[in-house]
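Q: If you count by our numbering, then the sequence shown holds residues 6 to 754, one letter each, in order.
Using N, Cα and C, we set each Cβ at its ideal position, and we do this for glycine too.
Quick one: the structure is below, and I'll ask about it shortly.
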Amino acid sequence: MEGCGPSDCRFDSCRGHMFLSTPIEQIPRVGPQYQKKLKKLGIKNVGDIIFHFPHRYEDFSNLIPISKAELGGPFCFQGEVLDIKNIRTFRRRLVLTQMTIDDKTGKLKVMWFNQPYLVNTFKKGTFVCLAGKITGKGKSIYLSNPAYEKIESPTKNLVGEKIGNSDLTHTGRLIPVYPETEGLSSKWLRFIVKPLLAKLKEQIPDSLPEKLRQKFDFLPLSKAIWQIHFPASLKLAEKAKKRFAFEELFELSLFVLRERMKLAKERAAPIPLNLAAVQEFTKGLPFKLTDAQKKAAWQLLKDLEKPSPMNRLLEGDVGSGKTVVAAIAALDVVRAGYQVAFLAPTEILAKQHYKTIRELLNPPPLLKEGEEKNQQNRKWWGVNIGLITGKENYYQNEKITRGELLEKLKEIDVLLGTHALIQDWVKFEKLALVVVDEQHRFGVEQRAKLCRQKDFIPHLLSMTATPIPRTLSLTLYGDLDLSVIDEMPKGRKKIITKIIQPKDKKATYEFIREQVKEGRQVFVICPRIEPAKTSAEDLGGQAAFLDQRNFSWLDVKAVKQEYKKLSEEIFPDLKIGMLHGKMKSQEKEDIMKNFKAGKIDILVSTSVVEVGVDIPNASVMLIEGSEKFGLAQLHQFRGRVGRSEHRSYCFLFTDAPGTIWNRRLRALISCENGFELAEKDLQIRGPGDFTGQRQWGIPDLTMASLTDFVLVSKTRNEAKEVLAKDPELKKYPLLKKRLAELREKIHLE
Ligand code: ADP
Ligand code: MG
């Protein structure tokens with residue numbers, strides 16, 4: 006591979022024709038190492054690189070003569086190299102590269118740290134353009150760590166006759182800064198992108214309808230592309246960005262609306278509403294449904310009546326009681342003679358749901374004396390309920406083999422399970438409803454996998470406690486109808502949330518001891534299982550977004566350590582349990598069973614308890630390293646307590662005060678409503694991290710503009726208008742092609 010040092014940094018050194026579809030392997034100076042890195046970003050060809058946009062610009066356009074140099078900046082200077090040398094500082098083991106340049110108005114000292122190779126790049130007598138900040142004191146000021154590039158032979162007078170800034174790539178202009186990705190510097194990307202733009206041998210087809218381009222006065226595509234990478238002014242950069250933001254959201258809206266249209270044409274089993282059964286069922290519940298639950302249930306039942314497939318998202322804060330609403334829908338479907346599949350993200354949750362659904366739909370017919378009175382008028386619905394997980398299978402509370410379960414599949418009315426449920430071997434014959442709980446990807450794909458019947462496809466009910474900000478529900482999830490449970494069951498008390506600094510830990514532990522004495526139970530959450538050995542050690546899905554925040558994993562609290570500390574030092578007198586994802590499922594289950602039964606006082610766990618786990622007696626949620634978690638996740642943790650009449654507490658332990666993290670923690674304190682929190686979260690960190698959509702392949706720009714409600718509504722309206730006139734997009738073949746590509750990119754799995 007040819008080097009990518011600054012000496013090569015001239016785009017005209019680069020020959021050969023380029024097309025959007027040219028694979029990165031054929032781009033000069035993109036060697037195997039870089040190919041790998043690009044591919045990691047999903048960049049496969051020239052087009053992908055060109056549509057990889059900067060997220061901000063560095064203004065290096067302020068070119069001044071050396072005689073006018075002063076503290077501050079950034080400034081840009083052009084001059085001739087008088088001398089350059091490396092100096093080693095032994096004490097701090099730094100290499101300083103010191104250069105002096107001359108532009109005929111004066112001389113300027115330049116300093117780089119730890120870039121000794123620069124002495125080979127800039128020989129005495131070369132001409133350079135440098136941009137950066139001036140630091141130092143009094144007369145001995147210097148240009149510190151500037152960006153640099155070589156320039157052509159000088160004109161008579163360097164100053165005043167600037168090199169045209171379109172010839173400059175890293176200095177002397179607005180410089181694009183790309184989202185940082187390991188091993189791909191902005192400098193390198195500029196070095197690659199610019200010649201590509203110059204050498205692109207085709208008009209990039211503009212798929213944005215011309216009418217819209219005119220209506221909103223957007224830049225034409227080819228101009229917009231140049232201006233977003235190498236803008237002539239910030240105003241033009243902004244203008245280009247507007248166009249792309251609009252375009253991407255517009256395409257996303259079209260995509261989602263068309264999915265919706267397609268689904269509406271499919272056939273589903275219409276479920277006649279059995280009002281008597283539903284009423285009898287609700288009457289038998291040990292509590293009264295909230296109005297919000299009733300409304301959501303009604304919307305579901307009405308959807309189920311239709312001959313086209315339901316695609317509904319049931320959104321309700323943790324503890325708002327979504328399960329019982331799903332149970333009502335399930336009952337209705339089963340009474341009509343069809344089957345229900347109920348998918349949970351983890352084994353713990355699948356089992357919990359299995360138990361709950363059994364209790365709801367199939368309470369034991371014979372109650373022993375002294376059992377809750379309000380169970381007495383509950384009906385024996387005769388629903389056959391099964392559970393399938395990777396390891397175990399149950400049918401009517403009996404453990405059976407998978408083979409036995411599959412044989413019985415015909416007679417099972419409701420089958421709950423983990424991912425095992427959507428494997429090929431599970432073949433339903435009358436599956437009319439799929440319920441998907443707490444799956445961020447909202448079940449569309451899962452339903453598709455379960456769909457093996459020929460004549461109809463099942464209705465889909467997706468449930469989530471992760472609230473979706475309004476803008477996202479219009480775009481990313483715009484093909485789902487939304488039911489919201491925005492009301493908590495009566496009698497729930499506000500959970501007291503506090504940030505606990507290291508000095509207050511002791512008092513908090515004492516408080517926890519008191520709680521346990523009163524009979525309550527406690528969760529302790531840690532960000533990892535084992536202490537980290539290296540700072541870059543991976544932590545599954547978490548690491549991706551956490552690592553961007555540049556903290557060391559070394560000091561992140563680990564479950565095993567914490568368990569040892571709590572059980573040996575702090576609460577040797579209490580019963581401490583440990584739970585994490587690497588334990589065997591039997592172990593996990595035993596731990597959860599014991600915790601539920603009150604045999605464990607304090608459960609130290611990773612985020613496996615994040616969603617859904619229901620332990621009403623728990624009143625304290627202690628989160629170690631709370632600043633390491635996302636807001637949605639913290640809210641989920643907090644939702645594990647406050648599920649009974651006991652006053653509950655959420656303690657946010659943090660060793661890193663005063664950072665941006667605390668913005669999130671403060672938001673958590675000031676706000677108990679998950680929906681408001683989601684909006685705040687979106688503002689604080691942008692939607693990219695939201696429910697882990699980084700992996701979705703949605704362009705960053707779209708992600709950023711998803712916070713813009715006005716823009717989102719505008720693009721959605723335009724998309725609707727286009728589709729109303731031309732549902733098949735016959736007049737817009739380019740757009741249609743783009744949508745097909747988008748489908749590939751938005752891998753819903
Ligand atoms: P989530 O919406 O977080 O999934 P669940 O469905 O697990 O919530 O319900 C949380 C708890 O609240 C359960 O113990 C459930 O029995 C109870 N519950 C549900 N609805 C009501 C209600 N209307 N009144 C009182 N308790 C309820
Ligand atoms: Mg739940």
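So what does DSSP say about VAL529, is it helix, strand or coil?
A: For this step, residue 529 is matched to residue 524 along the sequence shown. In this structure, VAL529 counts as strand in the three-state DSSP scheme.
Q: Could you pull the start and end residues of the beta strand (DSSP E) that MET116 belongs to?
A: Position 111 of the sequence shown, counting from 1, holds the residue named residue 116. Residues 112-118.
Q: Quick one: is MET597 buried, meaning 16 or more other Cβ sit within 10 Å of its Cβ, or exposed?
A: Taking the first residue of the sequence shown as position 1, residue 597 is located at position 592. Under this definition MET597 is a buried residue.
Q: By alpha-carbon positions, which one of PHE658, ASP660, LEU636, GLY647 ends up nearest to SER675?
A: For this step, residue 675 is matched to residue 670 along the sequence shown. Among PHE658, ASP660, LEU636, GLY647, the Cα nearest to that of SER675 is on LEU636.
Q: How big is the Cα-Cα spacing for PRO692 and THR471?
A: One-based indexing of the sequence shown puts residue 692 at position 687. One-based indexing of the sequence shown puts residue 471 at position 466. With a pLDDT of only 48 at PRO692, under the threshold of 50, the placement of this residue in the model should not be trusted; the figure read from the coordinates follows. Computed Cα separation, rounded: 13 Å.
Q: Alpha carbons only, please: which of SER212, PRO210, THR176, VAL727 is nearest the one belonging to PHE196?
A: Within the sequence shown, residue 196 is the residue found at index 191, counting from 1. It is THR176 whose Cα lies nearest to the Cα of PHE196.
Q: Could you give the first and the last residue of the continuous beta strand (DSSP E) run that contains SER590?
A: Within the sequence shown, the letter at position 585 stands for residue 590. Counting along the chain, SER590 falls outside any beta strand (DSSP E), though it belongs to the alpha helix (DSSP H) covering 590-601.
Q: Using a threshold of 7 Å, is the CB atom of ASP619 nearer than that to any non-hydrogen atom of ligand 1?
A: Along the sequence shown, read from residue 1 onward, the residue named residue 619 stands at position 614. Yes, the Cβ of ASP619 comes within 7 Å of a heavy atom of ligand 1.
Q: Taking the straight line between their C-alpha atoms, what separation do you get for HIS651 and ASN622?
A: By one-based count along the sequence shown, residue 651 stands at place 646. By one-based count along the sequence shown, residue 622 stands at place 617. Rounded to whole angstroms, HIS651 to ASN622 spans 8 Å at the Cα level.
Q: Should PRO494 be listed as close to ligand 1, given that the test is whether its C-beta is under 7 Å from any heavy atom?
A: The residue given as residue 494 occupies position 489 in the sequence shown. PRO494: yes, Cβ under 7 Å from ligand 1.
Q: Starting from the C-beta of GLU567, find all residues in its chain whose C-beta is less than 8 Å away, skip the five residues before and the five after it, and write them out in chain order.
A: Sequence index remark: in the sequence shown, residue 567 carries index 562 (1-based). Cβ within range, chain order: VAL529, CYS531, VAL609, GLU629.
Q: Whose C-beta lies closer than 8 Å to the C-beta of LEU173 among residues of the same chain, with five residues either side of it excluded?
A: Taking the sequence shown and counting its residues from 1, the one referred to as residue 173 is at position 168. Closer than 8 Å at Cβ, skipping near neighbours: CYS134, GLU154, ILE156.
Q: Are the CB atoms of HIS60 and TYR147 within a distance shorter than 8 Å?
A: As a position in the sequence shown, residue 147 is number 142, starting the count at 1. As a position in the sequence shown, residue 60 is number 55, starting the count at 1. Cβ distance not < 8 Å, so TYR147 and HIS60 don't count as in contact.
Q: What would DSSP say about LYS503, mapped onto helix, strand or coil?
A: Within the sequence shown, numbered from 1, the residue matching residue 503 stands at position 498. Correct three-state label for LYS503: strand.
Q: If you reduce the DSSP assignment to three classes, tell me which class ARG669 lands in.
A: Indexing the sequence shown from 1 puts residue 669 at position 664. In the structure shown, ARG669 sits in a helix (DSSP, three-state: H, G or I).
Q: Pick helix, strand or coil for ASN50, following the three-state DSSP scheme.
A: The count along the sequence shown starts at 1 and reaches residue 50 at position 45. Strand at ASN50.
Q: Once DSSP output is grouped into helix, strand and coil, what is the label at ALA136?
A: One-based indexing of the sequence shown puts residue 136 at position 131. It is a strand residue.
Q: Just tell me which of GLU443, PHE24, ALA453, GLU416 has its CA closest to the CA of ASP429.
A: By one-based count along the sequence shown, residue 429 stands at place 424. Among GLU443, PHE24, ALA453, GLU416, the Cα nearest to that of ASP429 belongs to ALA453.
Q: Kindly indicate which three-state DSSP category TYR122 falls into: helix, strand or coil?
A: Position 117 of the sequence shown, counting from 1, holds the residue named residue 122. Reduced to three states, the DSSP call for TYR122 is coil.
Q: Count the C-beta pairs between the segment 80-91 and the segment 101-116 that are closer than 8 Å, then say yes if the count reaches three, no if not.
A: Because the criterion of three Cβ pairs below 8 Å is met, the segment 80-91 and the segment 101-116 touch.
Q: Give the straight-line distance between the Cα atoms of ASP578 and SER572, rounded to the nearest whole angstrom.
A: Against the sequence shown, residue 578 aligns to sequence position 573. Against the sequence shown, residue 572 aligns to sequence position 567. C-alpha separation (whole angstroms): 8 Å.
Q: Here's the rule I'm using: 16 or more other beta-carbon atoms within 10 Å means buried, otherwise exposed. How should GLY496 be labelled?
A: Start at 1 with the first residue of the sequence shown, and residue 496 comes out as number 491. So GLY496 counts as exposed.
Q: Taking 7 Å as the cut-off, is the C-beta of ASP322 nearer than that to any heavy atom in ligand 2?
A: Here the question's residue 322 lines up with position 317 in the sequence shown. Checking the Cβ of ASP322 against ligand 2 gives no.
Q: Using a Cβ-Cβ cutoff of less than 7 Å, which residues in the same chain neighbour LYS741 once the five nearest sequence positions on both sides are dropped?
A: As a first step, residue 741 must be located in the sequence shown, where it is residue number 736. Counting only Cβ-Cβ distances below 7 Å, and skipping sequence neighbours, we find LEU734.
Q: CB-CB under 6 Å to MET468, same chain, minus the five flanking residues each way: which ones, in chain order?
A: Taking the sequence shown and counting its residues from 1, the one referred to as residue 468 is at position 463. Counting only Cβ-Cβ distances below 6 Å, and skipping sequence neighbours, we find LEU319, LYS327, ASP442.
Q: When the Cα atoms are used, what is the spatial distance from PRO5 to THR140?
A: The structure shown does not extend to residue 5, since the chain spans only 6 to 754, so no value can be given for it.
Q: Give the list of continuous alpha helix (DSSP H) stretches no shorter than 4 residues that lie fully inside the segment 240-310.
A: If we require 4 residues or more, the alpha helix (DSSP H) runs fully inside the segment 240-310 come out as 280-288, 296-310.
Q: Please state the DSSP three-state secondary structure of TYR183.
A: Here residue 183 refers to the residue found at position 178 when the sequence shown is read from its first residue. TYR183 falls in the coil class under three-state DSSP.
Q: Per the DSSP calculation, ILE405 is bridged to which residue(s)?
A: As a working mapping, residue 405 is identified with position 400 in the sequence shown. ASN398, per the DSSP bridge assignment.
Q: Report yes if the C-beta of ASP442 is less than 7 Å from at least one heavy atom of ligand 3; otherwise report no.
A: Inclusion of ligand 3 in the displayed structure is not the case, the ligand content consisting of ligand 1 and ligand 2 alone.
Q: Assuming TYR62 and PRO236 make a contact with CB atoms under 8 Å, what is their CB distance in whole Å?
A: Looking up residue 62 in the sequence shown gives position 57. Looking up residue 236 in the sequence shown gives position 231. That belief holds up - the Cβ atoms of TYR62 and PRO236 are roughly 7 Å apart, short of 8 Å.
Q: Using the three-state DSSP reduction, which class does LYS736 fall into: helix, strand or coil?
A: The sequence position of residue 736 within the sequence shown is 731, counting from 1. Note: LYS736 maps to coil in three-state DSSP.
Q: Sorted by chain position, which residues of the same chain lie with C-beta nearer than 6 Å to GLU749's C-beta, five sequence neighbours on each side aside?
A: Residue numbering aside, residue 749 sits at position 744 when the sequence shown is read from its first letter. Cβ neighbours of GLU749 beyond the five flanking positions: none.
Q: Can you tell me which of LEU290, LEU294, ALA341 puts its alpha carbon nearest to the alpha carbon of ARG363?
A: What you label residue 363 is simply residue 358 of the sequence shown in a count that begins at 1. Nearest option by C-alpha distance: LEU290.
Q: Given a threshold of 16 other Cβ atoms within 10 Å of its Cβ, counted over all protein chains shown, does ALA269 qualify as buried or as exposed?
A: For the purposes of this step, residue 269 is taken as residue 264 along the sequence shown, with counting starting at 1. The residue in question, ALA269, is exposed, as its Cβ has fewer than 16 Cβ neighbours within 10 Å.
Q: For LEU410, which of ALA724, VAL489, ASN398 has the nearest alpha-carbon?
A: To locate residue 410, count along the sequence shown from 1; it is residue 405. Here the closest residue by C-alpha is ASN398.
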